[in-house]
Every structure is written in C-alpha cells, then in structure tokens.
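> Per my numbering, the sequence shown runs over residues 696 to 876. For each residue, glycine too, the CB sits at the ideal point set by N, CA and C. All of these numbers come straight from a predicted model, not from anything done at the bench. Would you mind keeping the following structure in view while I ask a few things?
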Amino acid sequence: ANPEPEQEDSVPVRISVAANAKPGRYPVRLITNRGSSNAVMLHIVDLHVAMEPAGSHETPDAAVFVEKLPVIYNGRIARRGESDYYAFDAQAGQTVTFEVISGLPSIGAAGGNAVGFDPSISVYEPSGSWFDPKRINRIAFNDEPLWVLGQITDAYLVHKFDKGGRRLVRIEAFSGQGGTD
Numbered sequence: 696a697n698p699e700p701e702q703e704d705s706v707p708v709r710i711s712v713a714a715n716a717k718p719g720r721y722p723v724r725l726i727t728n729r730g731s732s733n734a735v736m737l738h739i740v741d742l743h744v745a746m747e748p749a750g751s752h753e754t755p756d757a758a759v760f761v762e763k764l765p766v767i768y769n770g771r772i773a774r775r776g777e778s779d780y781y782a783f784d785a786q787a788g789q790t791v792t793f794e795v796i797s798g799l800p801s802i803g804a805a806g807g808n809a810v811g812f813d814p815s816i817s818v819y820e821p822s823g824s825w826f827d828p829k830r831i832n833r834i835a836f837n838d839e840p841l842w843v844l845g846q847i848t849d850a851y852l853v854h855k856f857d858k859g860g861r862r863l864v865r866i867e868a869f870s871g872q873g874g875t876d
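Take a look at the structure:
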C-alpha cells in the first residue's frame, strides 16, 4: 500500500507591533490543534528598513551604495554561491557594527546545510596594484561569534577604520548556501 502523501498546511499570519514596542528579538510560535511550531525570531528595529535593490550585486562594481549609516537592508542570498556587496564611505576613526541576521539555525554540521543558513561578513578596502587596479584587500571578517549545533549562526562584526575612504562589505553564506528563504 502506498502511504498517503503528507499534506502541507499554510496558515496566514498577521502580526501587529505597537508603535512604542522596544527594539529587540522576540520568539514567535504558531500554536494549532496539531501542535506548535519551532520559534521564529521577530526582529523589532527602530530604524527604517530598506529593501535590497533588484539586480545582481555580486561584484564590487555592482555594490549597493549606502549613503548614510546606520542603515538596515532586507536582502536575500537567493542561490547557492551568491554574495552581495555594499559600499559606503568610512570616516577615519569611525567604528561601525555590522550584523547579518538570517533567522535560520544551522541545524547540520559545522558551516550549516541547505536547511539552515550561515552568513559571513567581510569588509574590504580598495588597494589597487600594477597588476589589478581594482584589487581589494579584506581588512575584517566574521562568520559567527560561536558555532553551536542547532543554534543561530548570524555574523557580527565591529570594526574601527584607521583611515577614511570607500569601503566594501560582502555578505555571503559561509559554506555557499542560498535559497528562497
């Protein structure tokens, strides 16, 4: 006998947040007569959230230019191996905090798997060379503060810039994951 195919359930959810809600991460679960879901983190922020512009941002030349800090971008690494670049002008002595929030735990082996997402952050400065005038050098990197099986693997980096000028930030999956989520 063929087993019945599992039926996928879809439940529309609308969440309203009070205007005076404190910024932070709040776990949300869906509870039904069939049980409760895993917790999904709802992130309340006090800054405007910009959507990543359409198109590819996989090269320094195609980087999304960030005019003013602080800023929050909602973007997606939509396919395996994809990365996104963002460019901004740093001031000498400026300290900037970078954080990539995926909301998906890496539930497999170190570095994640197709079900989870393990983002990393790299910060670059243009250096140029006689061989490659567009050469960039990585000056800071973070994969995650601590990898623990089944926990969130969000990347977090605080960097103080010794000198001012154009800088690039590259967001990618540590082990190349990507997808619609």
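#1: Roughly how many angstroms separate the alpha carbons of Gly871 and Gly776, rounded to a whole number?
#2: Would you mind stating whether Asp779 and Arg861 have Cβ atoms separated by less than 7 angstroms?
#3: I'd like the list of long-range same chain contacts for Ser731, defined as Cβ closer than 6 angstroms, with 5 residues on each side in sequence excluded.
#4: May I have the straight-line CA-CA distance separating Arg720 from Val735, to the nearest angstrom?
#5: Where do the ends of the beta strand (DSSP E) carrying Ala785 lie?
#6: Starting from Ser815, trace the beta strand (DSSP E) in both directions and tell me its first and last residue.
#7: Helix, strand or coil for Pro707? Go by DSSP, reduced to three states.
#8: In terms of residue numbering, what span does the beta strand (DSSP E) encompassing Glu867 cover?
#9: Leaving aside the five residues before and after Val744 along the sequence, list all residues of the same chain whose C-beta is less than 6 angstroms from its C-beta, in chain order.
#10: Output the distance between the C-alpha atoms of Phe836 and Asn728, rounded to the nearest integer angstrom.
#11: Would you tell me roughly how many angstroms separate the C-alpha atoms of Glu867 and Val706, rounded to the nearest one?
#12: Would you report the Cα separation of Asp857 and Gln789, rounded to the nearest angstrom?
For this structure:
#1: 5 angstroms
#2: no
#3: Arg724
#4: 10 angstroms
#5: 778–785
#6: 814–821
#7: coil
#8: 860–868
#9: Ile767, Asn769
#10: 45 angstroms
#11: 30 angstroms
#12: 8 angstroms
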